[in-house]
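Novice:
Residue numbers (the working numbering), protein chains in the order written: chain G, 1 to 516; chain F, 1001 to 1431.
1) Could you run through the stretch 1021-1037 of chain F and flag, in chain order, every residue whose CB is less than 9 Å away from some CB of chain G?
2) Could you tell me which residues DSSP pairs with residue 1046(F) in its beta bridges?
3) Cβ of residue 406(G) versus every heavy atom of the ligand GTP: is any distance shorter than 7 Å?
4) On the DSSP letters alone, give me the boundaries of the alpha helix (DSSP H) that residue 99(G) sits inside.
5) For the beta strand (DSSP E) that residue 6(G) lies in, which residues bound it at each end?
6) Got a sec: which bits of the stretch 81-114 of chain G sit with their beta carbon under 7 Å from any beta carbon on chain F, in order along the chain?
7) Since residue 1194(F) contacts residue 1256(F) with CB under 8 Å, what's their CB separation in whole angstroms?
8) By Cβ distance below 7 Å, which residues in the same chain neighbour residue 1003(F) in space, the five residues on each side in sequence not counted?
9) Using 8 Å as the threshold, is the C-beta distance between residue 1305(F) and residue 1224(F) below it?
10) Could you tell me whether any Cβ in chain A is nearer than 8 Å to the Cβ of residue 33(G)?
11) Hey, would you say residue 1074(F) sits closer than 8 Å to residue 1113(F), going by beta carbons?
12) Give, in chain order, every unbroken run of the beta strand (DSSP E) that is at least 3 residues long and sits entirely within the stretch 358-385 of chain G.
13) In the DSSP assignment, find the alpha helix (DSSP H) that holds residue 1132(F) and state where it starts and stops.
14) On the three-pair Cβ rule with 8 Å, is the stretch 1033-1052 of chain F touching the stretch 1355-1373 of chain F?
15) Applying a beta-carbon distance threshold of less than 7 Å, which residues of chain G neighbour residue 1056(F)?
16) Quick one: what does DSSP say residue 31(G) is sitting in, helix, strand or coil?
17) Which stretch, first to last residue, makes up the alpha helix (DSSP H) that contains residue 105(G)?
18) List the endpoints of the continuous alpha helix (DSSP H) containing residue 1333(F).
19) Between the stretch 105-113 of chain G and the stretch 136-147 of chain G, can you find at least three pairs of beta-carbon atoms closer than 8 Å?
20) Within a Cβ cutoff of 6 Å, which residues of the same chain sit near residue 80(G), ignoring the five residues on either side of it in sequence?
21) Could you work out which residues of chain F lie near residue 56(G), taking near to mean beta carbons separated by less than 7 Å?
22) Starting from residue 297(G) and walking both ways along the alpha helix (DSSP H), at which residues does that stretch end?
23) According to the neighbour-count rule (16 or more other Cβ atoms, all chains shown, within 10 Å of its Cβ), is residue 1(G) buried or exposed?
24) Cβ closer than 8 Å: which chain G residues qualify as neighbours of residue 1048(F)?
25) Beta-carbon of residue 1230(F) versus every beta-carbon of chain G: anything under 8 Å?
26) Is residue 286(G) helix, strand or coil by DSSP?
27) Are the beta-carbon atoms of residue 311(G) and residue 345(G) separated by less than 8 Å?
28) Who are the near neighbours of residue 1162(F) in its chain, counting only those whose CB is closer than 7 Å to its CB and skipping five residues on each side?
29) Counting only Cβ pairs nearer than 9 Å, list the residues of chain G close to residue 1078(F).
30) By the DSSP assignment, the beta strand (DSSP E) with residue 1165(F) in it spans what residues?
31) Measure the CB-CB distance between residue 122(G) and residue 42(G) and report whether it falls below 8 Å.
32) Output the distance between the C-alpha atoms of residue 271(G) and residue 1388(F), rounded to the nearest integer angstrom.
33) For my contact list, residue 1093(F) and residue 1106(F) are in at a C-beta cut-off of 8 Å; report their separation, rounded to the angstrom.
34) Going along chain F in order, which residues have a C-beta closer than 7 Å to the C-beta of residue 128(G)?
35) Where does residue 1201(F) sit, in a helix, a strand or coil, going by DSSP?
36) Pair every Cβ in the stretch 1138-1145 of chain F with every Cβ in the stretch 1112-1128 of chain F, then say whether three or more of these pairs are closer than 8 Å.
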């Protein structure tokens, strides 16, 4: 038993629903108690889908438990087939139905439905949402993909995008366009937009482009083994990774066509002098493994940030994540405990967070700006405009969205120069965001007397170091986004020097000591 | 319509009962508002990852403050008997209470999986009460989907509190149902002016303010979904005040008069006290009625507010009800409401969602009140909707909110009219 306040991933059947909802002419029958239909709103509200997810729930209640829940399932499956006439049917159980052991797969098999029935084993008490998506797509491929001759021209499948994915809609479009520029046609894009009939002809492609290992790595490996289709390993997030991806695709396809980079603005935007203020900004990254690993490289190599912490919530990506973190001189944080992430961020005191909607709230609490780079998603992660994360346009989007939460270049300098201005102070927030600046309360000049006679202002810390009032006041003049770090560094410095009190001098000695 | 006696309304209308897929929340959803209402309570769901995910999704992904609820997620080892689930629960509770020393009431909330594996949370609550009492009172109720539908979670929670309430012989009014603070304060002020008192509330904001009850307690429900709480109060000997619910100017007046009568106060006194707020409410409702008059409304089953709200919309806003559907029809507590609704609409209980959507498509109502999973798909078909959860999350009771309640229904129609020229479904809308 484990106490959870917020979760990064839903249960595995929600992952399977993401696959089913992304596809067309497929239906899913979910053996589940009343109430599990809440999952529909993820798709209709968060993603603003204009159709109900193609899922029929048995919605059994207590009174059905003693009676015939298996019969209920069969009725639901028969009705779903008659009403929606899908090309194939996925059947699965949610966590509660797993406990009553009706075996929906076995039941559906005995019904003699005239379409392929694909049973899913989703161990709800061990695995999570990404597993459910990955497993559902794997089983769809295993059941439906037929051996067939390769297309004459070089084609590939684009695999991984699902419903409710972080920018999957736009990534698929961007990468499809990039491949087309390279003379490579997309045979099937799946799960998003594909029908079961499309899955059946996936074998005709020469190779697979794997966009999201979280949702399609098992299928990519199976297709490689059974259909001899190699798959791409590079995730094209950022300018460098997109170029590496193009090289990988050239190797797999033999394409020699040039790719136009004229619309890639991110490298110059980062190199132009206005971006100097981004230098060495300390960022903390957290999210799914794929997005965090890609973003860490972009942050360091393409934005000039300093990565001060990184991690992921999906244990499946723990190994590559740990390896990359080591390369950055860090220890990866692998956890799905939101409070643990909050503690790690507080400890690292970054100037910016690149995370999920959960980290956005952590940032709000701690006063640290945050840009969202990964699922779990929120209605805000489905913008009306085209906004991919992948490819050259994706690199442009990353630059804009990562810089947006920050106080901008010259404004940051002005804040540092005039940080005691009662209207224009750091708590007023960036001018390009909403929210009204509150004037600071006017200080009482009597406080100046502290310089003459230092008095302890703050009770002893755990290391028994006392901040003198004047030092405490000086600390407040340091911009808010580095204040936490300055406080900790100064306390550490004082402790190491065996000092009992922190004066203004101690503060600046510590600053010099830790100067980068 | 006029052939029927106005006194019985829809009382004798045969009820269409359906069983099939039900597109509803489970009772855990009630925790979203209960944990804010009861400021020293913590709700610990004993369940699965699905339960945690539901609470997070229903709460609009995130609430800013640290929530006073959480999920003890059952894992494989709890189910396989490799771990003693009770020992695990005791450990998690001890850890939680240690971290939140401000908590005075802890609710262990049962879920579908905890009920299917027959984890006895009432014994766990007794055991934990003994361990952490008297500082912390531990109670339990079920919010599972197999036992409860959406607002029934609040009913189960309040019902679980009733047996533990202290006893009194005093003649007091007990107002039952979790209301937003602003609404509760307005109600208390009105009742005070009318001369009804003392008045107590269930749930109270803090455990120390819990009401006492006894044979002289008179209680009035403010929410139409509190059937089990009603029965639990009757078992304690408290006396029910039968009345329509305080939605709209008429409902509020009838509710106040029924309460006043129980305390020997005349309807004329009530009329005198409420004249000004009632006139304000009627004026505010009239503004929204300009949009709503003559429009046809279809209620899908969701919050159990459907019957009183249909009464309000048909009698005070000039709407016409096509179908009024509710998860459960409590004949005892809905009787006064049904009598007020003019015959005509289909009254239905339960749901087979696909069949019901067929009826919505056939009827093409001007407004469909439905859950969040259905709203956008119906809008995309050119049908205006009002998502029902907002009716539970918004202050809508008593006079000062009557206009807000009416405009919750008017807004989708006004918005549709504003966007008529650019709406993706303009071809259908223009038919």
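Glycine is no exception: its CB is placed at the ideal position from the N, C-alpha and C atoms.
Specialist: Taking the structure as given:
1) The residues in question are 1021, 1022, 1023, 1024, 1025, 1026, 1027, 1028, 1029.
2) 1072(F), 1110(F), per the DSSP bridge assignment.
3) Inclusion of the ligand GTP in the displayed structure is not the case, the ligand content being empty and no account of it being possible.
4) Where residue 99(G) is concerned, the enclosing alpha helix (DSSP H) stretches over 95-100.
5) Counting along the chain, residue 6(G) falls outside any beta strand (DSSP E), and DSSP gives it neither H nor E.
6) Within the stretch 81-114 of chain G, the qualifying residues are 83, 94, 95, 96, 99, 100.
7) With a Cβ gap of about 6 Å, residue 1194(F) and residue 1256(F) count as contacting.
8) In this prediction, residue 1003(F) has a pLDDT of 43, which is less than 50 and means its spatial position is unreliable; what the coordinates show is noted afterwards. There are no such residues.
9) Result yes, Cβ atoms of residue 1305(F) and residue 1224(F) sit closer than 8 Å.
10) The chain inventory of the structure shown lacks chain A, comprising the protein chains G and F.
11) Their beta carbons are under 8 Å apart, which means residue 1074(F) touches residue 1113(F) by this criterion.
12) The stretch 358-385 of chain G is shown to contain whole beta strand (DSSP E) runs of 3 or more residues at 370-372, in chain order.
13) It spans 1121-1132 - the alpha helix (DSSP H) in which residue 1132(F) sits, taken as one unbroken run.
14) Flag = no, the stretch 1033-1052 of chain F and the stretch 1355-1373 of chain F do not touch.
15) The contact set of residue 1056(F) on chain G, defined by CB atoms closer than 7 Å, consists of 6, 7 in chain order.
16) Here residue 31(G) sits in strand by DSSP.
17) Start and end: 104-110.
18) Element bounds for residue 1333(F): 1331-1340.
19) When Cβ pairs closer than 8 Å are counted between the two stretches, the stretch 136-147 of chain G is seen not to touch the stretch 105-113 of chain G, the count staying below three.
20) Spatial neighbours of residue 80(G) in its own chain (CB-CB distance under 6 Å, excluding positions within 5 residues in sequence) are listed in chain order as 27, 29, 56.
21) Within chain F, the residues 1021 have their CB atoms less than 7 Å from the CB of residue 56(G), given in chain order.
22) Boundaries of the alpha helix (DSSP H) harbouring residue 297(G): 289-297, taken from the DSSP string.
23) Per the 10 Å Cβ criterion, buried.
24) Going along chain G in sequence order, the residues near residue 1048(F) (Cβ under 8 Å) are 11, 95, 96, 124, 125.
25) Judged by the 8 Å Cβ criterion, residue 1230(F) is not in contact with chain G.
26) Residue 286(G) carries a strand assignment under DSSP once its states are collapsed to helix, strand and coil.
27) One thing to note: residue 311(G) has its Cβ no nearer than 8 Å to the Cβ of residue 345(G).
28) If we look at residue 1162(F) and ignore the five residues flanking it on each side, its Cβ neighbours are 1229, 1232, 1233, 1236.
29) Those within 9 Å of residue 1078(F) in chain G are 1, 125.
30) Residue 1165(F) -> no beta strand (DSSP E), and no H or E assigned at all.
31) Against a cut-off of 8 Å, the Cβ pair of residue 42(G) and residue 122(G) comes out as no contact.
32) Rounded to the nearest angstrom, the gap between the Cα atoms of residue 271(G) and residue 1388(F) is 51 Å.
33) The beta carbons of residue 1093(F) and residue 1106(F) sit about 7 Å from each other, so the pair counts as a contact at 8 Å.
34) Correct list: 1049.
35) Three-state DSSP puts residue 1201(F) in a strand.
36) The stretch 1138-1145 of chain F vs the stretch 1112-1128 of chain F: in contact.
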